[in-house]
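Heads up: the protein sequence lines correspond to chains A and B, in order. With the working numbering, the residue at position 153 of the first sequence is 169, and numbering never jumps. With the working numbering, the residue at position 102 of the second sequence is 142, and numbering never jumps. Glycine is no exception: its CB is placed at the ideal position from the N, C-alpha and C atoms. Below is one structure, written out as structure tokens; the observations come after it.
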Amino acid sequence: MSVVTLTINDELVSAQEGQTLLSVLQERGIEVPTLCHLDGLSERGGCRLCMVEMEGSGRLQAACVTQVQEGMVVYTHSERLVKYRRMILELLFSERNHVCAVCVMNGNCELQWEAAQIGMDHVRYEYLNPDLPMDASHERFVIDHNRCILCTRCVRVCDEIEGAHVWDVMGRGVNSRVIVDLNQPWGTSQSCTSCGKCVQVCPTGALFSKGATVAEMEKQHNFLRWILDGREKKIWSYENGK
Amino acid sequence: MPKVRFATAWLGGCSGCHMSFLDLDEKLIALADKIELVYSPIADAKEFPEDVDVTLVEGAVANIDNLKLAKEIRARSRLVVSFGDCAVTGNVPSLRNKLGVDDVLTAVYHEGPGRHPTGGDEIMPRLLPKVLPLHQVIHVDAFLPGCPPDPDRIWAAVSALLAGEPLVLEPEMRTFG
Chain A
17 MSVVTLTIND ELVSAQEGQT LLSVLQERGI EVPTLCHLDG LSERGGCRLC MVEMEGSGRL
77 QAACVTQVQE GMVVYTHSER LVKYRRMILE LLFSERNHVC AVCVMNGNCE LQWEAAQIGM
137 DHVRYEYLNP DLPMDASHER FVIDHNRCIL CTRCVRVCDE IEGAHVWDVM GRGVNSRVIV
197 DLNQPWGTSQ SCTSCGKCVQ VCPTGALFSK GATVAEMEKQ HNFLRWILDG REKKIWSYEN
257 GK
Chain B
41 MPKVRFATAW LGGCSGCHMS FLDLDEKLIA LADKIELVYS PIADAKEFPE DVDVTLVEGA
101 VANIDNLKLA KEIRARSRLV VSFGDCAVTG NVPSLRNKLG VDDVLTAVYH EGPGRHPTGG
161 DEIMPRLLPK VLPLHQVIHV DAFLPGCPPD PDRIWAAVSA LLAGEPLVLE PEMRTFG
């Protein structure tokens, strides 16, 4: 594979052709916030947090869905980007009922952490306080739409890794919801294998194990690497379990 | 050096932020050397005084009494700090926002146990249609998130404010929840 050279924050960088810009940034330890991205799943470019500025383009580009190109000139932390990233997080918090204090994922939530990282100490927009349901009809898991940020990790992991494609998204814009099968109670789904992958990849408290209460839920992503390494590289064991 | 005129106030919240403030323990003694506590739920002052330097406000703005006090605080304080998640985000009190005020009162009082206030008798201050974070009602100068903010956060914030420095907390110290 051929090598391309690009400029990131005024520094020359080499990368493999076909690599995403986000993977190059991560290799080089340049931290940009992400929420919909998860190693092992396809990219969606939905949360827009990893947006970067690119010389010659007035539009901001999501690094996760942008391939590196020869001569690309990229900035990752301009004033404009930091401002927009904070706005995105504030909009996410104002759109649904993200009350961290009474959330199963308090202390372990990616949304909560990204907000603290970026310095979002309050939300300037009016909270919408939508009246959203929870579905606890599944034997083992619960979905709380109040906490969902529509990152679609659940949709992708179920389709791409488990192969069941239980989850989907219905509606548009602020009315979008993740749904089970043909928008039915989770417990009545015949396609759900109850594997729990969707729960483990969910960055917030939208999907959780039944019985978990405030701050009790922790999620593990390791299984994604184990499954993919086995499937793609035929690696079946790890030294020291790592 | 004259002592900093310091106040804390309690709007729609559980008083947990004040409990956490008291958990400063021996640091309170150091603090007492620097401040004069001119108004607080833990001090005996009936009216919010004039000429306050720093006021920490716990709680969301949930009713007309909260609203009135918030405006007094703003008019009489040089620096106003949203103290804890209820003041910063609305937090737990704002969970009622998706219900109508009448529905909330019916569920809690009329359908609940015991006698209920009849309304309009000035015993219970009228609820606002929505519980609001403090900064949607008055200008707020600094934000101290946490439910409650733990004593280390409070100390970091109060130390900065008393030194006249801007309130910039480390990421670990500015998480909600």
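Cutoff 8 angstroms: residue i Cβ touching any chain B Cβ
i        : result
A:Val139 : yes
A:Gly123 : yes
A:Cys211 : no
A:Tyr254 : no
A:Tyr143 : yes
Unbroken alpha helix (DSSP H) run spanning residue i, endpoints
i        : result
B:Gly56  : Gly56 to Leu62
B:Asp125 : Asp125 to Thr129
B:Leu135 : Neither: B:Leu135 is in no alpha helix (DSSP H) and is coded neither H nor E.
B:Leu202 : Pro191 to Leu202
B:Leu145 : Val141 to Leu145
A:Phe239 : Asn238 to Leu244
A:Cys208 : Element bounds for A:Cys208: n/a, residue is neither H nor E.
A:Arg169 : Arg169 to Arg172
Start and end residues, beta strand (DSSP E) containing residue i
i        : result
B:Thr48  : Val44 to Trp50
A:Arg193 : Arg193 to Val196
A:Arg163 : Per DSSP, A:Arg163 belongs to no beta strand (DSSP E) and is neither H nor E.
B:Pro228 : With chain B represented from 41 up to 217, any question about residue 228 of chain B goes unanswered, as that position is not in the structure.
A:Trp183 : Trp183 to Met186
B:Glu98  : Val92 to Glu98
B:Ile163 : Note, B:Ile163: premise wrong, no beta strand (DSSP E); not H, not E.
B:Ile75  : Ile75 to Tyr79
B:Arg102 : Contrary to the premise, residue 102 of chain B reads as Ala rather than Arg in this sequence. Looking at the DSSP string, the run of the beta strand (DSSP E) that includes B:Ala102 is Val101 to Asn103.
A:Phe224 : Leu223 to Ser225
B:Leu184 : Ala182 to Leu184
Below-8 angstroms beta-carbon distance, residue i vs any chain A residue
i        : result
B:Phe123 : no
B:His175 : yes
B:Pro89  : no
B:Lys67  : no
B:Asn137 : yes
B:Val141 : no
B:Val128 : yes
B:Phe183 : yes
Status (buried if at least 16 other CB within 10 Å, exposed otherwise) for residue i
i        : result
B:Ala70  : exposed
A:Met121 : buried
A:Asn162 : buried
A:Met233 : buried
A:Glu181 : Sequence check: residue 181 of chain A is His here, not Glu. Flag for A:His181 reads exposed.
B:Ala83  : exposed
A:Met186 : exposed
B:Pro81  : exposed
A:Asn238 : exposed
A:Lys235 : buried
B:Lys43  : exposed
A:Asn145 : buried
A:Glu130 : buried
A:Lys99  : exposed
A:Tyr141 : exposed
A:Met88  : buried
A:Met17  : exposed
A:Ser210 : exposed
B:Ala102 : buried
A:Glu126 : buried
Residue i: contacting residues in chain B (beta-carbon distance under 7 angstroms)
i        : result
A:Asp147 : Lys138
A:Ala117 : Asp125, Asn131, Val132, Cys187 and Gly217
Chain-ordered neighbours of residue i on chain A, where CB pairs are closer than 9 angstroms
i        : result
B:Pro211 : Trp129, Ala132, Gln133, Ile134 and Gly135
Amino acids of chain A, ordered along the chain, whose beta-carbon sits closer than 8 angstroms to that of residue i
i        : result
B:Arg214 : Ala132, Gly135 and Asp137
Worksheet entry | Complete beta strand (DSSP E) runs within the stretch 22-107 of chain A (minimum length 3 residues, chain order) | 27-32, 67-70, 73-78 and 89-91
Worksheet item: Whole alpha helix (DSSP H) runs in the stretch 107-154 of chain A with 4 or more residues, listed along the chain?
Response: 126-134
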